[in-house]
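Worksheet for the structure shown next.
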Amino acid sequence: QGDIVRALAAQGVTAFSLELVPRISRAQSMDALSSQASAAGYKAVLMAAGRLGKFFPMMMTAAGTVPPARVLVMGAGVAGLQAIATARRLGAVVSAYDVRPAVKEEVQSLGATFIELPLETQEGEGGYAKEQSEEFLRKQRELIGEHIAKSDVVITTAAVPGRRAPLLVSGEMVKGMRPGSVIVDLAAETGGNVELTKAGTDVEVGGVTIIGTRNVPSTMPLHASQLYARNVANLLLHLVKDGAIVLDFEDEITKGSCVTHGGEIVNERAKQLVAATAK
C-alpha cells in the first residue's frame, strides 16, 4: 500500500499502523497481529478436522482401536502455537517446526514434538522469523519432506512482515502425502507457504486437500472483532492523555507504530516497503 502511505504523508496526515506496534510486553494489549493470528491458528485446526475423514484423537472401541491423527504445524509464532494447542486438545499427535530454535521450549510445553533440522538459522526483529535465502528454503524443503509425508494434517503459518510468504511445501511434497490428507495454508493471502495453494479457494491434488481461505480470522467474526476493537482502543488510550492526543516520539510504542507525521514517512520499515513498491 505504498501509494496510500505516500498520499498520507503528502496530505500531512499523522497515521498509525497496528501492524507496526512493537512486540514488547507493554504493547501486548495493542498487538492486533497477535490477536488475529491466535484466532487464525485456532480456526485452522477446526477447518482441517472438518475436512479430514478420520478422528483426531485415538479411539478405543469394541470394534478396535483407531490411532490418532498426526498433525504437523510449520511456524511456531502466535498462530502456530495456537494451532498446536488446539490440535493437542482434540487429541492429535502434534509435531512442529520453526526456523527459530528458541521456540523449542514453547512447542514442547504444549505437548508437541519440536522438529530440529541441521540448518543454521537466525531470528529477525521483534521475535519474528527472519527472511531466509532461497538456498536455505530449498534445503529446508528437502529435510522436512519426510515429516510432511507422514502427516495427516499440515498447517503452515510462516510469514515475514511486509514480504511474500516463504515457500515451505513444494508440489512434489504434496503429492507424497497420503490421499485424504489436509493442508491449511494460513499464508495464502501473501503468496502461500504451499506451492499449489490458490488464495480464496480449496484445491485437491492427488486426494490431498489444500485449504487457501483468505482472512481466516474473519470466519470467527465475533471474537476476532472484539479482540481487534480492544487492540485499537488500547492504542488510542496510549496516545490520548487527559482528553487530548499527545504524541511522545521518545516512547517506543508511539515511535514504532507511527507511519507518517509532519508530511514525512517516519517509520523506517514503512520507508523500506514503500521504496520497494516504487521500483
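Take 1282 as the starting number for the sequence shown in the numbering used here and just add one per residue.
In this text, a Cβ means the ideal position worked out from N, Cα and C, and glycines have one as well.
Please list the terminal residues of the continuous alpha helix (DSSP H) segment that includes Glu1533. Glu1533 to Ser1538
Around the Cβ of Gly1322, are there at least 16 other Cβ atoms within 10 angstroms (buried) or fewer (exposed)? buried
C-alpha gap between Gly1544 and Phe1297, whole angstroms: 14 Å
Only counting the same chain, and skipping five residues up and downstream in sequence, which positions put a Cβ closer than 6 Å to that of Met1432? Going by the sequence as given, residue 1432 is Ser instead of Met. Answer for Ser1432: Arg1351 and Leu1353, listed in chain order.
Exposed or buried, which one is Ile1425 when buried takes at least 16 other CB atoms within 10 Å? buried
DSSP state of Met1501 mapped onto helix, strand, coil: coil
Hey, out of Gly1472, His1542, Val1388 and Ala1514, whose CA is closest to Pro1442's CA? Gly1472
Return the CA-CA distance between Gly1487 and Ser1462, expressed in angstroms with no decimal places. 10 Å
Can you tell me whether DSSP reads Gly1345 as helix, strand or coil? strand
Ignoring anything shorter than 3 residues, give me the beta strand (DSSP E) runs that lie fully in the stretch 1316 to 1365, in order along the chain. 1340 to 1342, 1345 to 1347 and 1351 to 1355
Buried or exposed: Ser1538, going by 16 or more other Cβ atoms within 10 Å of its Cβ? buried
Should Asp1379 be labelled buried (16 or more other beta-carbon atoms within 10 Å of its own) or exposed? buried
With distances taken Cα to Cα, identify the nearest neighbour of Ile1491 among Val1497, Glu1423 and Glu1476. Glu1476
Taking C-beta to C-beta, are Val1497 and Lys1324 nearer than 8 Å? yes
First through last residue of the alpha helix (DSSP H) which encompasses Ile1425: Glu1415 to Ala1430
So Ala1291 is in the beta strand (DSSP E); what residue range does that whole segment cover? That residue, Ala1291, is in no beta strand (DSSP E); its alpha helix (DSSP H) goes Gly1283 to Ala1291.
How is the beta strand (DSSP E) around Val1435 delimited, first residue to last? Val1434 to Thr1437
Less than 8 Å between the CB atoms is what I'm expecting for Val1513 and Leu1299, so what's the real figure, rounded? 7 Å
DSSP three-state call for Val1384: helix, strand or coil? helix
Ala1468 and Ala1440 - do their beta-carbons sit closer together than 8 Å? yes
Quick check: the Cα distance between Leu1333 and Val1434, rounded to an integer number of angstroms? 8 Å
Please classify Val1388: is it buried, with 16 or more other beta-carbons within 10 angstroms of its beta-carbon, or exposed? buried
State buried or exposed for Phe1530, treating a residue as buried only when at least 16 other CB atoms are found within 10 Å of its CB. exposed
Pick out whichever of Ala1525, Gly1356 and Lys1420 has its Cα sitting closest to the Cα of Leu1400. Lys1420
Quick one: residues in its chain with C-beta nearer than 6 Å to the C-beta of Met1501, no 5 flanking neighbours on either side, listed in chain order? Ala1320 and Lys1324
Are the beta-carbon atoms of Met1339 and Pro1349 separated by less than 8 Å? yes
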